[in-house]
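Quick note on numbering: this note's numbering labels position 14 of the sequence shown as 14, and the sequence is numbered without any gaps. Beta carbons are placed, not taken as given, at the ideal position from N, Cα and C, and that holds for glycine. Computed from a predicted structure; not experimentally measured.
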Amino acid sequence: MREMVEYIVKQIVDNPEEVKVQEVKSEKVIIVEISVAKEDMGKVIGKGGRIANALRILVGAAAAKLKKRVMVEILEE
Numbered sequence: 001m002r003e004m005v006e007y008i009v010k011q012i013v014d015n016p017e018e019v020k021v022q023e024v025k026s027e028k029v030i031i032v033e034i035s036v037a038k039e040d041m042g043k044v045i046g047k048g049g050r051i052a053n054a055l056r057i058l059v060g061a062a063a064a065k066l067k068k069r070v071m072v073e074i075l076e077e
């Protein structure tokens with residue numbers, strides 16, 4: 001899951017070398033945390049949150065196929 005999110009986010013931003021994606025696993029949920037450069041934050045979130053929602057939908061679909069629950073969080077630094 002982490003690799004898929006990292007690939008997608010790196011294609012969107014201007015500074016792909018500053019993209020950091022971490023997976024935090026618990027019993028019921030996997031949390032995918034995305035951290036990008038400050039100037040790329042708007043590109044990852046998108047107008048009205050459209051890019052972030054699309055990313056969550058893609059991850060949710062992939063997680064459903066694996067019968068898991070995944071949450072995507074975009075971290076501000």
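Open item on the list: So if DSSP puts S35 in a beta bridge, which residue, or which two residues, is it bridged to?
Closed with: K20, L75
TODO: Following the continuous alpha helix (DSSP H) through M41, name the residue where it begins and the one where it ends.
DONE: 41-45
- [ ] Identify which residue in G48, M1, G49, R56 has its Cα closest to the Cα of V24.
- [x] M1
Open item on the list: Classify V29: buried if its beta carbon has 16 or more other beta carbons within 10 angstroms, exposed otherwise.
Closed with: The C-beta of V29 has fewer than 16 other C-beta atoms within 10 Å across all chains shown, which makes the residue exposed.
- [ ] Spatial neighbours of R69 within its chain, please: CB distance less than 8 Å, with the 5 preceding and 5 following residues excluded, ordered by chain position.
- [x] Within the same chain, R69 has close Cβ partners K28, V29, I30, A63.
- [ ] Decide if I34 is buried, meaning its Cβ has at least 16 other Cβ atoms within 10 Å, or exposed.
- [x] When all chains shown are included, I34 counts as buried.
- [ ] Please state whether DSSP places K10 in a helix, a strand or coil.
- [x] K10: helix per DSSP, three-state reduction.
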